[in-house]
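*Asks:* Take a look at the following structure, please.
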Amino acid sequence: MTTISRRLAAPLRTSLRAPLRTPLLAFALASAAFCAALPALAAATAEPEHGEHPSVKHPYNLAPSAQLDYSVKTRQHGLSLGGEASVNWSAADGKYTIAMESRASLLGKVLENRSEGVVDDYGLAPVTFYEKRFRKDPTTTSFKRDSRTIVFTDGDDSYSIKGGEQDRTSAPWQLLAQARATPEKFKPGSEWSYFVAGRRDAEEWRFKVVGTETVHTGMGDVSAVHVVKAPPPDAQGQQVDLWLAPSLDWYPAKIRFVDADGDYFEQQLEKITKK
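Read left to right, the sequence shown gives residues 213 to 487 (the working numbering).
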């Protein structure tokens, strides 16, 4: 992450907390998310105000289409809850769709988001990112490929498209696609950066590989590559942890969001259904 101006600091801190209050990615992480977790430009040409905008091509290999089912546990304001989440990932004929839904006990559906787009030389190229949070109006982020701009229904800012931009939901899937293509490069200490759009703005996400760990899943214990997206040093933001399982096509075996105050949201993989 890069240092941002004081003018942007307040909305960025607010946006970084948002995915934890009602879960992603990420991604997500993610989604996420993944996330998953972010949500300006006065004009598209004023990009330097927002810090770095990484646009780098890496080899990628998209994961097979599948539905992933997760168990959920979360702590919000001292209240611990359980729940479930599902992710429907589909990629075919040069297009992709990621549809995610999370439910919590007592509350029902707390988050629904969807990323849809095409596949280009960079990998996933979102066209729309939709998000509906608990008791909130839905928002849509549009990647307008004709004018090469990113715009938001929940904000007046816009960002230029240079190539490789992601949304909160697609970012973790772009990451795992690159891990599938070049697993030898996902070594401890390696970093992977993306420019990620959220509900109302966008910024750089930087993932760092921590190492390999064992993760418990509904299908047994698996070895997973632990990747972290930490908040910038000058922000009280959210940390996103992903555990990608090479033996399971690099699908996320576990996803965790931890806020600065200790609240968290965690998803544990229970089942994979190939399409």
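Here a beta-carbon is modelled for each residue, glycine too, at the ideal position from N, C-alpha and C. Please read all numbers here as calculations on a predicted model, not as lab measurements.
#1: Considering only residues of the same chain and omitting the five flanking positions on each side of residue 434, which have a CB-CB separation below 8 Å?
#2: Please name the residue, chosen from 474, 273, 270, that lies closest to residue 291 on a Cα-to-Cα basis.
#3: Whole beta strand (DSSP E) runs in the segment 385 to 420 with 3 or more residues, listed along the chain?
#4: Evaluate residue 441 with the Cβ neighbour count: other Cβ atoms within 10 Å of its Cβ, from every protein chain shown; 16 or more gives buried, anything less gives exposed.
#5: Buried or exposed for residue 268, please, with buried defined as at least 16 other CB atoms from any protein chain shown within 10 angstroms of its CB.
#6: So residue 464 is in the beta strand (DSSP E); what residue range does that whole segment cover?
#7: When burial is assigned at 16 or more other CB atoms within 10 Å of the CB, is residue 423 buried or exposed?
#8: Please say whether residue 278 and residue 420 have beta carbons closer to each other than 8 Å?
#9: Starting from the Cα of residue 483, find the closest Cα among 334, 354, 265, 281 and give me that residue.
#10: Does DSSP put residue 275 in a helix, in a strand, or in coil?
#11: Can you tell me which of the three DSSP states residue 458 falls into?
#12: Rounded to the nearest angstrom, what separates residue 337 and residue 377 at their Cα positions?
#13: From residue 362 to residue 329, what distance separates their C-alpha atoms?
#14: Measure the Cβ-Cβ separation of residue 286 and residue 478 and say whether it is below 8 Å.
#15: Contact defined as beta carbons within less than 8 Å: I believe residue 409 pairs with residue 353. What is the distance between those atoms, to the nearest angstrom?
#16: Let me know if residue 318 comes out buried or exposed under the rule of 16 or more other beta-carbons within 10 Å of its beta-carbon.
#17: Give the single residue among 348, 395, 294 whose Cα lies nearest to the Cα of residue 316.
#18: What are the uninterrupted segments assigned as beta strand (DSSP E) that are 3 or more residues long and contained completely in the segment 279 to 356, given in chain order?
#19: By the 10 Å Cβ neighbour count, where 16 or more other Cβ atoms means buried, how is residue 381 classified, buried or exposed?
#20: Assign residue 401 to buried or exposed, taking buried as 16 or more other Cβ atoms, counted over all protein chains shown, within 10 Å of its Cβ.
#21: Quick one: give me the first and last residue of the beta strand (DSSP E) that residue 438 is part of.
#22: Does the distance from the C-beta atom of residue 310 to that of residue 385 stay below 8 Å?
#23: What does the Cβ neighbour count give for residue 471, buried or exposed, with the cut at 16 atoms within 10 Å?
#24: Run the CB neighbour count on residue 453, radius 10 Å, all protein chains shown included, and call it buried at 16 or more, exposed below.
#25: Which residue's Cα is closest to the Cα of residue 270: 313, 375, 463?
#26: Between residue 416 and residue 323, what straight-line distance do the alpha-carbon atoms span, to the nearest angstrom?
*Replies:* According to the structure data:
#1: 426, 427, 457, 459, 460, 465
#2: 474
#3: Qualifying beta strand (DSSP E) stretches, in chain order: 403 to 409.
#4: buried
#5: exposed
#6: 463 to 470
#7: exposed
#8: no
#9: 281
#10: coil
#11: helix
#12: Distance between the alpha carbons of residue 337 and residue 377 is about 7 Å.
#13: 13 Å
#14: Cβ atoms of residue 286 and residue 478: closer than 8 Å.
#15: Sure, about 5 Å apart at Cβ, within 8 Å.
#16: exposed
#17: 294
#18: 291 to 304, 307 to 316, 320 to 332, 335 to 345, 351 to 356
#19: buried
#20: exposed
#21: Note, residue 438: beta strand (DSSP E), 432 to 441.
#22: Taking 8 Å as the Cβ cut-off, residue 310 and residue 385 qualify as a contacting pair.
#23: Under this definition residue 471 is a buried residue.
#24: buried
#25: Residue 375 is the option with its Cα nearest to residue 270.
#26: 23 Å
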